[in-house]
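Here the numbering used here = 1-based position in the sequence shown + 480. Right, one structure below, let's go through it.
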Amino acid sequence: MWFGRSVTVILPTYNERDSIRASIESFEATGVVDEILVVNNNAAPGTSEEVARTRAREVHEPRQGYGAAIRRGFREARGDLILVCEPDGTFRGQDVFKLLAYADDFEVVYGSRTVKELIWEGANMGLFLKWGNYAVAKLMEVLFNTTSLTDVGCTMRCIRREALERIEPFFTVDGSFFGPEMMVLSILKKMRMIQIPVNYTERVGHSSVTGSHRVAFLLGLRMIALILSYRVRSWLRPGDFEVEFARGSDVAAGGRIAAHLPTRDLLLEGEESESAELEKPEPPRSSS
Ligand SMILES: Nc1nc2c(ncn2[C@@H]2O[C@H](COP(=O)(O)OP(=O)(O)O)[C@@H](O)[C@H]2O)c(=O)[nH]1
Ligand SMILES: [Mg+2]
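Right under this line is the structure:
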């Protein structure tokens, strides 16, 4: 509980068998997290057994991809304040306090991993990733004239439930560039948001996304394309983002509104094969 509001942490997992238990325990140790929700995205064998030794709840999301896993987590989460992180040893449980402190004032709080003093030795944040993330974040900041942004790839973030409900129907991305889509949507929905530095440490095991410069570079290009397409679309059709969705008994109607929104067409048409190639995951490997 954080000042009367319940807290959920969503941890997607694909290849984190050897780090997930310690990661869950580090969130438990904060004493403020009410629910830890693991979204098993066809994860490495043995992951469920590790999760079962903790008090985390596990759900299985068969649709492959980081975005698919997080979107499933958002649908399952019960907390008022919903945090997202990664169980690969790169983030620290104590940093939830940093995000929660800002969640008192902001609807969405994004972490940033590009602040030199908080990049630990051994962290996968060399010059290429640091300045690449920084440059794409600045592009987003300038194009949308928004708050100071210094990272587009940080997966540690916190959103209030009411804010999540306003952007959730607009999500389209199942892959690794879901993070920037969430950022753009929160800007377009004029949410109060801020980005703050968090610790970034060495990963346990193999990184299947930014571990390869080639994959990271292609992902960066894909993120830029996504940002530009949202910018152009919001200039041409600003009304698209003014739509609010019906809730509760009107969920079916909300679904119909969603069906008429062109986001999916604009972002994924003709790009399916390219992004499918980019997102095609390596099978989780056992690190023993
Ligand atoms: N690579 C990959 N990661 C996934 C998938 N589904 C969920 N994830 C999560 O996405 C996060 C990022 O993956 P990771 O290998 O750590 O890449 P990195 O953070 O760029 O080093 C991890 O928390 C994974 O558990 C998937 O299908 N493929
Ligand atoms: Mg990672």
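Every residue gets a Cβ at the ideal spot worked out from N, C-alpha and C, and that includes glycine.
Exposed or buried, residue i, counting other C-beta atoms within 10 Å across all chains shown (16 or more means buried)?
i: L629; result: buried
i: G719; result: exposed
i: M481; result: exposed
i: G606; result: exposed
i: L708; result: exposed
i: N521; result: buried
i: R637; result: buried
i: A696; result: buried
Check this for me: beta carbons of residue i and residue j, under 8 Å apart or not?
i: R552; j: V519; result: yes
i: G685; j: N495; result: yes
i: A509; j: G573; result: yes
i: G591; j: I676; result: yes
i: R543; j: D654; result: yes
i: N613; j: D631; result: yes
i: H693; j: F608; result: yes
i: A557; j: E515; result: yes
i: L644; j: Y710; result: no
i: M703; j: V589; result: no
i: F657; j: L706; result: yes
What did DSSP end up calling residue i once you bin it into helix, strand or coil?
i: H693; result: helix
i: N625; result: coil
i: G728; result: Only weak support is given to the placement of G728: the predicted model assigns it a pLDDT of 46, under 50, and the value that follows is read from those uncertain coordinates. DSSP places G728 in helix when its eight states are reduced to three.
i: P718; result: helix
i: V712; result: helix
i: S592; result: strand
i: Q675; result: strand
Determine, using beta carbons only, whether residue i comes closer than 8 Å to chain D.
i: S656; result: Reference to chain D is not applicable here, since this structure consists of a single protein chain.
Cβ-heavy atom distance between residue i and ligand 4 below 7 Å?
i: Y546; result: Ligand 4 is not part of this structure, which contains only ligand 1 and ligand 2.
Counting by C-beta, which residues lie closer than 6 Å to a heavy atom of ligand 2, in chain order? E566, D568, T570, R683, S687
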